[in-house]
Structure formats: C-alpha cells, structure tokens
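Peer 1: Heads up, the sequence shown is in the UniProt record's numbering, so the first residue is 1 and it goes up one at a time.
This is the structure, below, for whatever I ask next.
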Amino acid sequence: MRKKTFDFYNLAWRWHFYAGLFVAPFMILLSLTGIIYLFKPQLDPLMYSDLLQVKPGEVRLSADEQLMHLHHQSPKLQVSQYLPAPAADRSAQFVAQLDGREVNAFVDPYSGKLLGVQDAKSNLQAVARALHGELMIGIAGDRLIELAAGWGIVLVVSGLYLWWPRGRSLRVLVWPNWSRRGRALWRELHVVLGFWGSLLMLFMLLTGMTWTGFWGKSFADVWNRFPAAMWNEVPKSDLEARTLNEAHRQTIPWAMENTPMPMSGGAHAEHMRQGSGGMAMPQISLQQVVDIAERAGVTPGYAIALPKGAEGVFTVSVFADDSRNDATLHIDQYTGKVLADVRWKDYGLVAKGVESGVMLHEGKMFGLFNQLLMLAVCLMILLSAASGLWIWWKRRPRGRLGVPPMPDALPVWKGGVAIMIILGVAFPLVGASLLLVWALDWAVLSRIKPRSPALG
Numbered sequence: 001m002r003k004k005t006f007d008f009y010n011l012a013w014r015w016h017f018y019a020g021l022f023v024a025p026f027m028i029l030l031s032l033t034g035i036i037y038l039f040k041p042q043l044d045p046l047m048y049s050d051l052l053q054v055k056p057g058e059v060r061l062s063a064d065e066q067l068m069h070l071h072h073q074s075p076k077l078q079v080s081q082y083l084p085a086p087a088a089d090r091s092a093q094f095v096a097q098l099d100g101r102e103v104n105a106f107v108d109p110y111s112g113k114l115l116g117v118q119d120a121k122s123n124l125q126a127v128a129r130a131l132h133g134e135l136m137i138g139i140a141g142d143r144l145i146e147l148a149a150g151w152g153i154v155l156v157v158s159g160l161y162l163w164w165p166r167g168r169s170l171r172v173l174v175w176p177n178w179s180r181r182g183r184a185l186w187r188e189l190h191v192v193l194g195f196w197g198s199l200l201m202l203f204m205l206l207t208g209m210t211w212t213g214f215w216g217k218s219f220a221d222v223w224n225r226f227p228a229a230m231w232n233e234v235p236k237s238d239l240e241a242r243t244l245n246e247a248h249r250q251t252i253p254w255a256m257e258n259t260p261m262p263m264s265g266g267a268h269a270e271h272m273r274q275g276s277g278g279m280a281m282p283q284i285s286l287q288q289v290v291d292i293a294e295r296a297g298v299t300p301g302y303a304i305a306l307p308k309g310a311e312g313v314f315t316v317s318v319f320a321d322d323s324r325n326d327a328t329l330h331i332d333q334y335t336g337k338v339l340a341d342v343r344w345k346d347y348g349l350v351a352k353g354v355e356s357g358v359m360l361h362e363g364k365m366f367g368l369f370n371q372l373l374m375l376a377v378c379l380m381i382l383l384s385a386a387s388g389l390w391i392w393w394k395r396r397p398r399g400r401l402g403v404p405p406m407p408d409a410l411p412v413w414k415g416g417v418a419i420m421i422i423l424g425v426a427f428p429l430v431g432a433s434l435l436l437v438w439a440l441d442w443a444v445l446s447r448i449k450p451r452s453p454a455l456g
C-alpha cells in the first residue's frame, strides 16, 4: 500500500511538473499585465492627464456639437463610438478610424477643442489587456491563454495533493521556515504560497476563462440565456452583440455577448438606402441618443456605438464597476425607439455570478480594497510561478530537463482519475491536451533512458 501511495505521489509530481513548466510563463505574464490593468483608474490620469482632464465650464456642448468640432479639426476621422464625459472635469472621447488605424480622440466638452489623438491599440492599458486576453496574436493566443488557464487548474489540483501533510505537522505547510536558505527556502515559499493561493488562483482562472473565445462562448451558450420573448417583437440580425467587443476594448457586459443584435426598422432602412445611394443616414441625432440614455437612468461612464449600415442600431452600454448597474440599450437609428433594454434584473443567476466575479477579478467592485486584494493575489501567483521555475532550474541535472521519474507500475487512483475526467469534460481543450500529453508521456518520454541528455 505504501509503495502504491509513493508511486501515485511520483505520478502526481510528474504531472505537476508538466503543468508548471507550461503554465508558469503564462502566469507570470498574466500577473504582470493584470496588475497594470488593475490600476487603470490610477494610471490613466497620471499618464494621460492632458487628454483626460479638463477645466469645468458653465455650459457643455451637445454631443452633435462636439462631433462637429471634432470633424472640423480632423476631417479624416471616421467615428464609430462616442463616450460622453463621465464627470464635470473629464473629457469626452470618440473612437474612430484614421488612416487605417483605430484611435481615441479626446474632446473638451465645453469648448469642443480636440485635446489629442491616441492610438487605441498601442497605449499601455490596451496592450496590457490584449496581452492578457490573447497575447496580441488573435485566436491562437486566445486558445493558448485558455489552455494555460485550464492547465493552471491541473496545477492547483496536483499541487494540493503534493502539499497534503501525510503525517507532517500542518504548521510547516501553512507558514514558511525562514531559517532555511537557498533552494530549500524557495521550496518552502512555493509550497506555502501555493496552499494559501490555491482557492484564489482557481477563482481568478475560472472568472478569466468566461471571456475566452472557445470555452467562454460555449459556457455562455449553455448557461447564459434570456427569455426568447424579450426578442419576439424585435427585428434581429445574424450578428451577436459580442461583435462590439475587442481584445483591447470592452464595450458590452459578458451577459450580453451571445444575444442577437437588433435591426433598425425595415421600411426606414430601405427608404434611406434608396435615398442615399446605399449609404445609411441615421435620422436621430447623437444627442438624442444621449438624452434617451439619461432618461433611462443609465449610469455615467457608458459608451454609444454608432450604427453600422442602414439596418444598424445605436447601442448604449455600460460595463459598470458595480455590475448591478450594467445596462445595454439598442436604439432604432431612425425612430429612436428602444428595441431592447437589458439590465441586471434581466440577468439569470449564472450571468449575475459571472458578472460579479469578473468585477472582483478586475478589482472594480469594492474600490481600492478590491484592487489591493487582487494585487495581493497577482503577487502571490507571480511569486509562486517564479519560485517554481527557480526550484526546477536549481534541481535539474546539468544539461537535462529533469522530468520527475515515471513510476515502475502505473498506479490507478479512482478519485484522481475521476478528477481528471471531470476536468477534461468541463474544459474540452484541456481534456484533449491531457490525452495528448499522457499519450506522449506513456509512449515516448517514459521509454527514454533515464540518462538521456534531453530529459534525465
């Protein structure tokens, strides 16, 4: 029995090693980019005060007047989104295309002066967010992040098994022995940080995975549903609201991503197409949309996406720090009719849980306290990953990878097998990669002589 337990310990160690070697670099990157994005509310005013801060005036220009001033100063801008000034001393923002690139144009809402233009994808926060979500390489990066998050769960589960006391004092496993030095101290820190951070790391991984392109979309399709009757009287397009979100910019809440995009009235759309040579000409002004949002009680900080094409709609959305203030309104571009108005009360239980979890994940729900808590979690994950890599680097035989040995007889622990099956089914990409790595390990790596220069 003791031999069987030892064999399974070695097997768990081997899988912990594989998971750690793959996951650790991602965890370091995600922690660093997460910290940057976590403190966006403090960093942006420091870095871009000339763009964000304005002197409050007596009368604020209407949204259309601001847009007119912007076009007068920069005629080449093709505006796609408008963000009204969220406070009296803040600028208004227009998202636009300029010479083939997306930019943020900041306008003084009192004078209409263009304060400056910023590349929408290359500023610090946009880069941090894009790296955090898809490594800035599109779908392939999104899948890699999802795999890393899934394998992070394998890492936590196997790490907890390796941590389990087995006759040792619990005290030494929850508090490091500071008298140790070198690799031994790093191992103590790795074990203790892993234990205390395990639940928090699972929370961060699971809430982050809801935004992934494969698992997150599948999860939403199954668990995030609105009553079909909400859309019965609304002409719908083939597009989903997720098309308004991008890796570097969050526009609408997660709960709305898999909902259909409505269309502006068919008769009006056809009339405007015929009268404008195929070009869409919105019949209500931008200020009218702002007025509709304010009458509807939408929390300041919202964005207005302009219609795309003759059948497009204005979309007012706020991805609020307190998810109970989330709002998404689709407005007919010709009549100003609100085609859909979805709030917190319309969310299902899962959607409410995910939205609240995401706000906690991003450190927004409880202000500075939430930020500091998530900072502590990020540092814990960062140190745990870095210490794991350092321990491996110091332990590995010179010139070899240092893979933990495969047990002589492959043990079968029903509980462990059940956990792996559950993880594989719950996270298909992880399940497929688990099978691939297991097959490679069993068929190739375990048959290489222990003294192989590559493995050892």
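Every residue, glycine too, gets a C-beta built ideally from N, C-alpha and C.
Cα-Cα, which of Ala376, Trp164 and Tyr347 is closest to His361?
Peer 2: Comparing Cα positions, the closest option is Ala376.
Peer 1: With a threshold of 16 other CB atoms inside 10 Å of the CB of Leu11, please say whether the residue is buried or exposed.
Peer 2: Buried: at least 16 other Cβ atoms inside 10 Å.
Peer 1: For a minimum of 3 consecutive residues, which ranges assigned as the beta strand (DSSP E) are wholly contained in the region 98-143?
Peer 2: For the region 98-143, whole beta strand (DSSP E) runs of length 3 or above, ordered along the chain, are 101-107 and 114-119.
Peer 1: List the endpoints of the continuous alpha helix (DSSP H) containing Lys217.
Peer 2: Looking at the DSSP string, the run of the alpha helix (DSSP H) that includes Lys217 is Trp215 to Trp223.
Peer 1: So who's on the other strand from Lys236, going by DSSP bridges?
Peer 2: Looking at the DSSP assignment, Lys236 forms a beta bridge with Pro262.
Peer 1: Assuming Leu193 and Leu383 form a contact by the criterion Cβ under 8 Å, report the distance between their Cβ atoms to the nearest whole angstrom.
Peer 2: Between Leu383 and Leu193 the Cβ distance is about 6 Å, and since that is below 8 Å, they are a contact.
Peer 1: Just the C-alpha distance for Gly222 and Ile421, rounded to the nearest angstrom, thanks.
Peer 2: In the sequence on display, residue 222 carries Val and not Gly. Computed Cα separation, rounded: 20 Å.
Peer 1: What are the start and end residues of the alpha helix (DSSP H) that includes His71?
Peer 2: From DSSP, the alpha helix (DSSP H) with His71 extends over Ala63 to Gln73.
Peer 1: If we count the other Cβ atoms within 10 Å of its Cβ and call it buried at 16 or more, is Pro151 buried or exposed?
Peer 2: According to the sequence provided, residue 151 is Trp. The question's Pro does not apply to it. Buried, since its Cβ has 16 or more Cβ neighbours within 10 Å.
Peer 1: Restricting to Cα atoms, I'd like to know which of Thr315, Leu98, Leu162 and Phe226 is closest to Leu306.
Peer 2: Of the candidates Thr315, Leu98, Leu162 and Phe226, the one whose C-alpha sits nearest the C-alpha of Leu306 is Thr315.
Peer 1: What does a CB cutoff of less than 8 Å around Leu67 pick up in its chain, not counting 5 residues either side in sequence?
Peer 2: These residues qualify, in order along the chain: Val79, Tyr82, Phe94 and Leu286.
Peer 1: Taking 7 Å as the limit between beta carbons, can you name the residues of its chain near Met47, skipping five residues before and five after?
Peer 2: Excluding sequence neighbours, Met47 sits near Leu124.
Peer 1: Would DSSP call Gln283 helix, strand or coil?
Peer 2: Reduced to three states, the DSSP call for Gln283 is coil.
Peer 1: Under the rule that 16 or more other beta-carbon atoms within 10 Å means buried, what is Ala126, buried or exposed?
Peer 2: That one is buried.
Peer 1: What do you get for Gly138, buried or exposed, if any count of 16 or more other CB atoms within 10 angstroms of its CB means buried?
Peer 2: The residue is exposed, with fewer than 16 neighbouring Cβ atoms inside 10 Å.
Peer 1: Could you check which residue in Trp344, Val298, Val354 and Gln97 has the C-alpha nearest to that of residue 540?
Peer 2: For residue 540 there is no data in the structure shown, the boundaries of the chain being 1 and 456.
Peer 1: What does DSSP give as the partner residue(s) for Ile145 in the beta ladder?
Peer 2: According to DSSP, Ile145 bridges with nothing at all.
Peer 1: Could you pull out every unbroken beta strand (DSSP E) segment of at least 3 residues lying fully inside the region 292-328, listed in chain order?
Peer 2: Entirely contained in the region 292-328, the beta strand (DSSP E) runs reaching 3 residues are, in chain order, 303-305 and 313-318.
Peer 1: Please determine, among Ala310, Phe319, Ser387 and Trp196, the residue with the shortest C-alpha to C-alpha distance to Val358.
Peer 2: For Val358, the nearest C-alpha among the options comes from Phe319.
Peer 1: Short of 6 Å in beta carbon distance, which residues of its chain neighbour Gly213, apart from the five on each side in sequence? Order them along the chain.
Peer 2: Result list for Gly213: Asp142, in chain order.
Peer 1: Give the single residue among Trp254, Gln283, Glu257 and Ala247 whose Cα lies nearest to the Cα of Ser264.
Peer 2: Ranking the options by Cα distance to Ser264, first place goes to Gln283.
Peer 1: Thr335: buried (16+ other C-beta within 10 angstroms of its C-beta) or exposed?
Peer 2: Exposed, since its Cβ has fewer than 16 Cβ neighbours within 10 Å.
Peer 1: At a cut of 8 Å, does the region 46-64 reach the region 84-93 through at least three beta carbon pairs?
Peer 2: Taking 8 Å as the limit for Cβ pairs, the verdict is that the region 84-93 does touch the region 46-64.
Peer 1: Using CA atoms only, rank isn't needed, just tell me which of Met204, Ala296, Val342 and Phe219 is closest to Pro260.
Peer 2: Taking only the C-alpha atoms, the option nearest Pro260 is Val342.
Peer 1: Please go through the same chain and pick out, in chain order, the residues whose beta-carbon is closer than 6 Å to the beta-carbon of Trp390, but skip the five residues on each side of it.
Peer 2: These residues qualify, in order along the chain: Trp186.
Peer 1: May I ask you to report which of helix, strand or coil DSSP gives Glu355?
Peer 2: Note: Glu355 maps to helix in three-state DSSP.
Peer 1: In the structure shown, what three-state DSSP assignment does His248 receive?
Peer 2: If DSSP states are grouped into helix, strand and coil, His248 belongs with coil.
Peer 1: For Tyr48, does the three-state DSSP call read helix, strand or coil?
Peer 2: Looking at Tyr48 - three-state DSSP - the assignment turns out to be coil, as it is neither helix nor strand.
Peer 1: Quick check on DSSP: helix, strand or coil for His16?
Peer 2: Reduced to three states, the DSSP call for His16 is helix.
Peer 1: Pop quiz: Ala128 and Thr33 are said to be a contact at Cβ under 8 Å. What is the actual Cβ separation, rounded to whole angstroms?
Peer 2: Contact flag correct, Cβ pair sits at about 4 Å.
Peer 1: Gln93 bridges to which residues according to DSSP?
Peer 2: Note: Gln93 sits in a beta bridge opposite Leu83 and Phe106.
Peer 1: Only counting the same chain, and skipping five residues up and downstream in sequence, which positions put a Cβ closer than 6 Å to that of Phe22?
Peer 2: Same-chain partners within the cutoff: Trp151.
Peer 1: Please name the residue or residues paired with Ala340 in a DSSP beta bridge.
Peer 2: BP columns for Ala340 point to His330.
Peer 1: Exposed or buried, what is Asp99 when buried is set at 16 or more other beta-carbons lying within 10 Å of its beta-carbon?
Peer 2: Label assigned to Asp99: exposed.
Peer 1: Could you tell me if Glu311 is buried or exposed, where buried requires 16 or more neighbouring beta carbons within 10 angstroms of its beta carbon?
Peer 2: Flag for Glu311 reads buried.
Peer 1: Using 8 Å for Cβ pairs, my map puts Thr299 next to Asn258. What's the rounded Cβ distance?
Peer 2: In fact, because the Cβ distance is near 23 Å, the residues do not count as touching under 8 Å.
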